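Protein chains in written order, with the working numbering: chain L, 1 to 281; chain H, 1001 to 1317.
A quick write-up on the structure given underneath.
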Amino acid sequence: MGWFKRIKDGIQTTTKDKKETPEGLWHKCPTCKQMLTTEEHAENLWVCDKCEKHHRIGSVEYFHILFDNGRFKELETSLKSGDPLKFKDTKTYVVRLKQAKDKSKLTDAIRVGHGKMNDQDIIICCMDFNFIGGSMGSVVGEKISRAIDASLKKKIPLMIISKSGGARMMEAAFSLMQMAKTSAKLSLLAKAKIPYISLLTDPTTGGVTASFAMLGDVNLAEPGALIGFAGPRIVKETIGVDLPEGFQTSEFVLEHGFLDKIVKRKDLKNTISNLIKLFAN
Amino acid sequence: MATLIEIEKPLQKLLDQLDKAEHIQNESDVDVSKTIKDLKKKLREKRKEIFENLTAWERVMVSRHPDRPYTLAYINAITGGDFIELHGDRTVKDDKAMVGGLGSIDGQSVMFIGQQKGINTKMRQYRNFGMANPEGYRKALRLMKLAEKFNIPVISLIDTPGAFPGVEAEERGQGEAIARNLMEMAQLSVPIICIIIGEGASGGALGIGIGDKVLMLENSWYSVISPENCSAILWRTWEYKEQAAESLKLTGEDMLKNKLIDGIIKEPIGGAHNDPEETFRTVKEEILKQLKKLKAIEPDKLIEKRIKKFCAMGVTK
Ligand SMILES: [Zn+2]
């Protein structure tokens, strides 16, 4: 606790952010239709107790699961998207951003927290899929870049939880260059020999897979996540036949050698803190 | 006979007339050299008129012109044939959509890498339409590391509709291959010059696109997605590709204005395909100019500047 007292401002606990779980509300597993009360569901870390499907959760839940007592200091909370291209498709990007903010109560598709994980310092960047599909624009890139700066400065291990459909089209080439930016920044972390743990969750595709998500010193994934570069629909269109069973799942990616380990949500915290302890040697 | 794309159709009549006149000149005793001269002048003016005010979508069409020169044509011209192609990623196979090798430009050794498109139906398939698989990116990385070992600068020529989205590409880690290149290129201790010579689509282009100088040919495009796919995703139809091309700000001019590239290389009137030799000369001059500057920078400083440049990209508030 003393460690937290040294941080003057910005302390947050996830308790106040936690989703209301009024009694009597039920959650139905989309995979096996198992019914769980929302309380049981949360207690089970949003994993189905029958089929073990790891349901999609956001940064609020991951920070709650991974940081000791759910306590952390959130970094870089003020960064917001610009609209450099004045992008407009069926609606303007500005409107899209506002709607995403209203819907998700988030400022963009990633949050950065600094806290303790089993008593060891760690900085965690966690993507939020419910903000424009977890897409990577300038804010995501810049927040990761600044999280790496903090990691470098304080010599604290970094973890990034990926959950993204890829680049944010409405930021066009700006979004493409976030791949370059985050990967270049990670090269500095690698040079400084600070551990970087990448956790790929459902779904991780496109430019996120083709940059920081695949560059961990250790690449972990939750079970059954969709992980790939090209989306399954595009691959299917390319080959013109049905995709093989289990294509682009965590298990498939592990089998082909691009993941170190698949970790169940309940084991995430201990696995990661143990890895960091072993790296620290 | 040259292929004409839609915007070049107004040239058809003049080209036919020129063809006839040249035939007469060559096959008979009648001197029509003045007519030929006049026609060439008219063609030049017409080309200038057409190419002066291209829309973003029209530029995309020019970047895909079937007569546009591809990577190996540039390499052969720039090195005057002093080029040895090197193959394979040492792991899986040799990717025909990604070429590379050692060559010399005016006595200086350089390592070339780049996507290669095919010049006819058979070759287009052989080159997989310039869409590399993971082994292509790994071959490029192997060659870049080789260049680094012998302190040789890297010239990356980018021309791809994207990294290949196939089953085997996914099995062999397309995402990892591109990601690895981004990280490794950031730390490469030799100068890297990247030139988008045609299409610069998404991660497939960026995968060999981390350079100290990133330049775009005047009629190339570079963005996160092709206008067609952007239209398909955002408007749910391909109909809006022109509007998507505008919105994406994918031309050299816009990319330079947004500080996402370092410069534009002018093309001859009528586009690179209208005068490939002139294009090769301009590109060679630009490479020599940039090499001179970059070679003077200490490796540590070079890497630092390169990383800083990419880290400054993006707009937040
Ligand atoms: Zn279930």
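Glycine included, C-beta positions come from ideal geometry on N, C-alpha and C.
Computed from a prediction, not measured in an experiment: that's the story for all the values here.
Between the region 1241-1262 of chain H and chain L, which residues of the former have a C-beta closer than 9 angstroms to a C-beta of the latter? 1243, 1244, 1247, 1248, 1249, 1250, 1254, 1255, 1258, 1260 and 1261
With 9 angstroms as the limit, tell me which residues of the region 1149-1179 of chain H have their beta carbon closer than that to any beta carbon of chain L; keep them in chain order. 1162, 1163, 1164, 1165, 1166, 1167, 1169, 1170, 1171, 1172, 1173, 1174, 1175, 1176, 1177, 1178 and 1179
Alpha carbons only, please: which of L:115, L:213 and L:146 is nearest the one belonging to residue 185 of chain L? Residue 185 of chain L sits at position 185 when you count from the first residue of the first sequence. Residue L:146 is the option with its Cα nearest to residue 185 of chain L.
Drop a sphere of 10 angstroms on the beta-carbon of residue 35 of chain L, count the other beta-carbons inside from all chains shown, and report buried for 16 or more, exposed for fewer. Within the first sequence, residue 35 of chain L is the residue found at index 35, counting from 1. When all chains shown are included, residue 35 of chain L counts as exposed.
So if I measure from each beta-carbon to every heavy atom of ligand 1 and keep distances below 6 angstroms, which residues remain? Having a Cβ closer than 6 angstroms to some heavy atom of ligand 1 are L:29, L:31, L:32, L:34, L:48, L:50, L:51 and L:53.
What is the rounded straight-line gap between the Cα of residue 197 of chain L and the Cα of residue 245 of chain L? Locating residue 197 of chain L in the first sequence gives position 197, where the first residue counts as 1. Locating residue 245 of chain L in the first sequence gives position 245, where the first residue counts as 1. Straight through space, the alpha carbons of residue 245 of chain L and residue 197 of chain L are spaced by roughly 28 angstroms.
With respect to the beta strand (DSSP E) encompassing residue 1231 of chain H, which residues constitute its N-terminal and C-terminal limits? As a working mapping, residue 1231 of chain H is identified with position 231 in the second sequence. Not the beta strand (DSSP E): residue 1231 of chain H falls in the alpha helix (DSSP H), residues 1227-1234.
For residue 1307 of chain H, collect the residues of the same chain with a Cβ closer than 7 angstroms to its Cβ; drop the 5 residues on either side in sequence, then sort them by chain order. Position 307 of the second sequence, counting from 1, holds the residue named residue 1307 of chain H. The residues are 1186.
Along the region 227-238 of chain L, what residues have a CB closer than 7 angstroms to any CB found in chain H? 228, 229, 230, 234, 235 and 238
Residue 1317 of chain H touches chain L at which residues, Cβ-Cβ below 7 angstroms? One-based indexing of the second sequence puts residue 1317 of chain H at position 317. The answer, in chain order, is 80 and 82.
Going by Cα to Cα distance, which pick from H:1169, H:1017 and H:1194 is closest to residue 239 of chain L? In the first sequence, counting from the first residue as 1, residue 239 of chain L sits at position 239. Ranking the options by Cα distance to residue 239 of chain L, first place goes to H:1169.
In chain order, what residues of the region 158-170 of chain L put their CB closer than 7 angstroms to some CB of chain H? 167 and 169
Is residue 110 of chain L near residue 159 of chain L, with beta carbons less than 7 angstroms apart? As a working note, residue 110 of chain L is residue 110 in the first sequence. As a working note, residue 159 of chain L is residue 159 in the first sequence. Taking 7 angstroms as the Cβ cut-off, residue 110 of chain L and residue 159 of chain L do not qualify as a contacting pair.
State yes or no: is the beta carbon of residue 127 of chain L nearer than 7 angstroms to at least one beta carbon in chain H? Working through the first sequence from its first residue, we reach residue 127 of chain L at position 127. Cβ-Cβ to chain H under 7 angstroms: no for residue 127 of chain L.
Classification of residue 3 of chain L by the beta-carbon crowding that lies within 10 angstroms, buried from 16 upward: By 1-based counting over the first sequence, the position of residue 3 of chain L is 3. A caution first: residue 3 of chain L carries a pLDDT of 31, below 50, which makes its placement in the model too unreliable to give a value.
Secondary structure of residue 222 of chain L, DSSP reduced to three states: Counting from 1 along the first sequence, the entry for residue 222 of chain L is found at position 222. Of the three classes helix, strand and coil, the one that applies to residue 222 of chain L here is coil, per DSSP.
Please identify, using Cβ separations under 8 angstroms, the residues of the region 209-220 of chain L that lie next to chain H, in order along the chain. 209, 210, 211, 212, 213, 214 and 215
Under a three-way DSSP split, which group does residue 1174 of chain H fall into? What you label residue 1174 of chain H is simply residue 174 of the second sequence in a count that begins at 1. In this structure, residue 1174 of chain H counts as helix in the three-state DSSP scheme.
Around the C-beta of residue 1126 of chain H, are 16 or more other C-beta atoms found within 10 angstroms, so that it is buried, or is it exposed? Mapped onto the second sequence, residue 1126 of chain H falls at position 126. Exposed: under 16 other Cβ atoms inside 10 Å.
Exposure of residue 1252 of chain H, with buried meaning 16 or more beta-carbon neighbours within 10 Å: Numbered from 1 along the second sequence, position 252 holds the residue referred to as residue 1252 of chain H. Result: buried.
Could you check what DSSP says for residue 54 of chain L in three-state terms: helix, strand or coil? Numbered from its first residue, the first sequence carries residue 54 of chain L at position 54. In this structure, residue 54 of chain L counts as strand in the three-state DSSP scheme.
Give a yes or no on whether 7 angstroms exceeds the smallest Cβ distance from residue 1271 of chain H to chain L. One-based indexing of the second sequence puts residue 1271 of chain H at position 271. No, no contact with chain L.
Distance, Cα to Cα, residue 1183 of chain H vs residue 223 of chain L? Indexing the second sequence from 1 puts residue 1183 of chain H at position 183. Indexing the first sequence from 1 puts residue 223 of chain L at position 223. Straight across, the Cα-Cα distance linking residue 1183 of chain H with residue 223 of chain L is about 27 angstroms.
Please list, in chain order, the residues of the region 1206-1227 of chain H that have any C-beta partner in chain L closer than 9 angstroms. 1206, 1207, 1209, 1210, 1222, 1223, 1224 and 1225
Closest by CA to residue 1072 of chain H, which one among H:1042, H:1111, H:1057 and H:1052? To locate residue 1072 of chain H, count along the second sequence from 1; it is residue 72. Nearest neighbour of residue 1072 of chain H by Cα position, chosen from H:1042, H:1111, H:1057 and H:1052, turns out to be H:1111.
In its own chain, which residues sit with a C-beta less than 7 angstroms from the C-beta of residue 1282 of chain H, not counting the 5 before and 5 after it? Here residue 1282 of chain H corresponds to residue number 282 of the second sequence, with the count starting at 1. Same-chain partners within the cutoff: 1265 and 1266.
On the DSSP bridge list, what partners appear for residue 1085 of chain H? For the purposes of this step, residue 1085 of chain H is taken as residue 85 along the second sequence, with counting starting at 1. According to DSSP, residue pairing for residue 1085 of chain H in a beta bridge involves H:1101.
Contact defined as beta carbons within less than 8 angstroms: I believe residue 1105 of chain H pairs with residue 1284 of chain H. What is the distance between those atoms, to the nearest angstrom? Walking along the second sequence from the start, residue 1105 of chain H turns up at place 105. Walking along the second sequence from the start, residue 1284 of chain H turns up at place 284. Contact holds; Cβ gap of about 7 angstroms.
With distances taken from CA atoms, which of H:1201, H:1227 and H:1317 is nearest residue 1132 of chain H? Here the question's residue 1132 of chain H lines up with position 132 in the second sequence. For residue 1132 of chain H, the nearest C-alpha among the options comes from H:1201.
According to DSSP, is residue 155 of chain L part of a helix, a strand, or is it coil? Locating residue 155 of chain L in the first sequence gives position 155, where the first residue counts as 1. In the structure shown, residue 155 of chain L sits in coil (DSSP, three-state: anything other than H, G, I, E or B).
Is it a yes or a no for the region 159-172 of chain L touching the region 77-91 of chain L, going by three-plus beta-carbon pairs under 8 angstroms? yes
Using the Cβ count rule (16 or more neighbours within 10 Å means buried), how would you classify residue 77 of chain L? For the purposes of this step, residue 77 of chain L is identified with residue 77 of the first sequence, where counting begins at 1. Counting Cβ neighbours within 10 Å, residue 77 of chain L comes out exposed, since fewer than 16 surround it.
When you check each C-beta in the region 1121-1148 of chain H against every C-beta of chain L, which residues fall closer than 7 angstroms? none
At a Cβ threshold of 7 angstroms, is residue 1098 of chain H touching chain L? Walking along the second sequence from the start, residue 1098 of chain H turns up at place 98. At least 7 angstroms separates the CB of residue 1098 of chain H from every CB of chain L.
Using alpha carbons as the reference points, say which of H:1242, H:1291, H:1075 and H:1234 lies closest to residue 93 of chain L. The sequence position of residue 93 of chain L within the first sequence is 93, counting from 1. Ranking the options by Cα distance to residue 93 of chain L, first place goes to H:1234.
Step through the CB atoms of chain L and report whether any lies within less than 7 angstroms of the CB of residue 1051 of chain H. Within the second sequence, residue 1051 of chain H is the residue found at index 51, counting from 1. Taking Cβ atoms only, chain L never reaches closer than 7 angstroms to residue 1051 of chain H, which makes this a no.
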